[in-house]
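S.K.: Under our numbering, the first residue of the sequence shown is numbered -6, with each subsequent residue one higher.
Below you will find the structure I want to go over with you.
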Amino acid sequence: MSPEELKSQAGAAALSHVEEGMKLGIGTGSTAEAFVHLLAERVAGGLTIVGVPTSERTAKLCMDLGIPLASLDEEPELDLTIDGADECDRDLRLIKGGGGALLREKIVAHASKSMIVIADDSKLVETLGKFPLPIEVNKFGVKATILSVDNALAAAGFSAEMELRKCPDGQLFVTDGGHYILDASFGHISDAQALSDALFSVPGVVEHGLFIGLAKRVILAGKDGIKEISA
């Protein structure tokens, strides 16, 4: 089964949790986009929802497909967010932000009563950290921030190879919020909460891609079908 088919399977399973009249946070990334296409079919068939997108990219796709949208200021309390993940463990902790939308993704997820994560089963890991952790940082004083992050990690017992994310043309990647992304490769994250605390001790860190205590359900698609892990 192709990756696209797995993403579509996970998206279809998540769609069964979407109810009439919901205020729905809509995630970013290839798996979330598969869900958006399926959602658009339901909307065209008469389902009434309002979506709050987590990125400009998702907003454009939704508008192109006829999904009604609102801003988070217009709908500050959401029923459900459906989004993908770069990694998840069995305690529903996530690494997100491979697409660079982690700040908006986390704000939308936090504004929701519930969050469902959709992914193929290769994203399930015993310990987070193989996927580089995205850290969103302010442009101002970015070299000082990187040094401070390195020092904070060392003080907390962590070490990582870090580099600012670049676009294919070599320019530094800039998020929808106007920030840079620092990708930190840990290999193994022994204590996600301690790492989160260490990163937030650095003033230049805007947000990071560790999502702890936000996901209530993970839907995983694999060659043997759909598996779900719930809190």
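From the three backbone atoms N, C-alpha and C, an ideal C-beta is built for every residue, glycine too.
Because the structure is a prediction, the values reported are computed rather than measured.
Give the list of continuous beta strand (DSSP E) stretches no shorter than 3 residues that lie fully inside the segment 28 to 77.
M.R.: As far as the segment 28 to 77 is concerned, its whole beta strand (DSSP E) runs of at least 3 residues are 43 to 46 and 73 to 76.
S.K.: Assuming residue 122 and residue 172 are in contact, meaning their beta carbons sit under 8 Å apart, how far apart are those beta carbons, in whole angstroms?
M.R.: Contact doesn't hold; Cβ gap of about 23 Å is too wide.
S.K.: For the structure I just gave you, are there three or more beta carbon pairs, one from the segment 105 to 118 and one from the segment 196 to 214, closer than 8 Å?
M.R.: Flag = yes, the segment 105 to 118 and the segment 196 to 214 touch.
S.K.: With a Cβ-Cβ cutoff of 9 Å, do residue 200 and residue 96 count as a contact?
M.R.: Yes, these two residues count as a Cβ contact at 9 Å.
S.K.: Using the Cα positions of residue 196 and residue -3, report the straight-line distance between them to the nearest angstrom.
M.R.: Looking at the two C-alpha atoms, the distance is approximately 39 Å.
S.K.: Using only CA atoms, which one of 139, 88, 7 and 134 lies nearest to residue 31?
M.R.: Nearest C-alpha to residue 31: 7.
S.K.: Do the CB positions of residue 146 and residue 88 come within less than 9 Å of each other?
M.R.: No; because the gap between Cβ atoms is not below 9 Å, this pair is not in contact.
S.K.: Closer than 7 Å by C-beta to residue 287: which residues in its own chain qualify, once you throw out the five before and the five after it? Chain order, please.
M.R.: Nothing about residue 287 can be read from this structure; the chain reaches only from -6 to 224.
S.K.: Would you mind giving the Cβ-Cβ distance between residue 134 and residue 22, rounded to the nearest angstrom? I have them listed as a contact below 8 Å.
M.R.: That pair is no contact at about 30 Å.
S.K.: Going by CA-CA distance only, name the one from 75, -5 and 54 that's closest to residue 17.
M.R.: Residue 17 has its Cα closest to that of 75, out of 75, -5 and 54.
S.K.: Below 8 Å on the Cβ atoms is my guess for residue 188 versus residue 149; work out the distance and round it to an integer in Å.
M.R.: The Cβ separation is near 7 Å, so the contact holds.
S.K.: Measure the Cβ-Cβ separation of residue 14 and residue 42 and say whether it is below 9 Å.
M.R.: Taking 9 Å as the Cβ cut-off, residue 14 and residue 42 qualify as a contacting pair.
S.K.: Given 8 Å as the limit, is there contact between the segment 153 to 167 and the segment 94 to 108, that is, 3 or more CB pairs closer than that?
M.R.: With a cut-off of 8 Å, the segment 94 to 108 and the segment 153 to 167 do not count as touching, because too few Cβ pairs lie within range.
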